[in-house]
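Input: a single structure, listed below in structure tokens.
Protein chains: 2
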Amino acid sequence: MEIDGTLLTILGIAAGILILSGWVDQIIKGYKTKSLKDISKYLMLFISGGSILWLIYGMVVSDIFIIGTNIAAIFLMMTVLFMKKRYEKATNAN
Amino acid sequence: MEIDGTLLTILGIAAGILILSGWVDQIIKGYKTKSLKDISKYLMLFISGGSILWLIYGMVVSDIFIIGTNIAAIFLMMTVLFMKKRYEKATNAN
Chain R
6 MEIDGTLLTI LGIAAGILIL SGWVDQIIKG YKTKSLKDIS KYLMLFISGG
56 SILWLIYGMV VSDIFIIGTN IAAIFLMMTV LFMKKRYEKA TNAN
Chain C
6 MEIDGTLLTI LGIAAGILIL SGWVDQIIKG YKTKSLKDIS KYLMLFISGG
56 SILWLIYGMV VSDIFIIGTN IAAIFLMMTV LFMKKRYEKA TNAN
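Chains R and C, in that order, give the protein sequences.
Per the numbering used here, the first sequence starts with residue 6, numbered consecutively.
Per the numbering used here, the second sequence starts with residue 6, numbered consecutively.
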């Protein structure tokens, strides 16, 4: 397939925005309901680990979209994991 | 940074395995608890949309790891979304 720089830029930005919007919505939902117990802790840990590897991969191939999306995704996923831990601690304390 | 084919292969495979393991664990957890209500529907829809764009991106740059991981991730995320809908329907029916 022919490589088109503009197409790649649009795809990379749109994919990044969609993925990050999804995580932001998850954070908002969790903040509102104060419950994230249905979310697997290992989902967060494993896909964060995967994102760290994608980040290294993106650095090796010098792909700014892979790098940017994964840095932001790792930050958002760690936020979800932190909220999950915090809400579960609060529930157990009651 | 210098591009090393073997390093890229290892990174791509490891990242893919981690991300897919995370989703498989989420499916197992959801199947056991029969509850996925804390997971944002938009998280599933948005990151699936993002994965579809990453898949196209991977096809354009002919990157087998981006293609493979995203095909599998889309399938697993759709499974989680389907389970979520099904469990919520079952809960509402009671």
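For glycine and all other residues, C-beta sits at the position ideal for the given N, C-alpha and C.
Keep in mind it's a predicted model, so treat the numbers as computed, not measured.
Asked	Found
A3/C vs L58/R beta-carbon contact at 9 Å	Beyond the ends of chain C as shown, which are 6 and 99, falls residue 3/C; an answer cannot be given.
Range covered by the alpha helix (DSSP H) that runs through K90/C	69 to 98
Own chain, CB closer than 6 Å to M6/R, minus 5 neighbours either side, in chain order	Residue confidence is low: M6/R scores 47 on pLDDT, short of 50, so the model does not pin down where it sits. No coordinate-derived value is stated.
Contact set between the stretch 37 to 55 of chain C and chain R, restricted to residues whose Cβ is under 8 Å from the partner	T38, S40, L41, K42, D43, I44, S45, Y47, L48, M49, L50, F51, I52, G54, G55
CB-CB length for F51/C against G27/R, believed under 8 Å	3 Å
Members of the stretch 8 to 21 of chain C near chain R, C-beta cut-off 8 Å	I8, D9, L12, L13, L16, G17, A19, A20, G21
Cβ of I61/R within 9 Å of any chain C Cβ	yes
CB contact below 9 Å: L86/C versus chain R	no
Chain R residues whose Cβ lies nearer than 7 Å to that of L81/C	Under the 7 Å cutoff, chain R gives no residues; its nearest Cβ is about 10 Å from L81/C.
Which listed residue (K46/R, S53/R, K39/R) has its alpha carbon closest to that of D30/C	K46/R
Test: G35/C CB closer than 9 Å to a CB of chain R	yes
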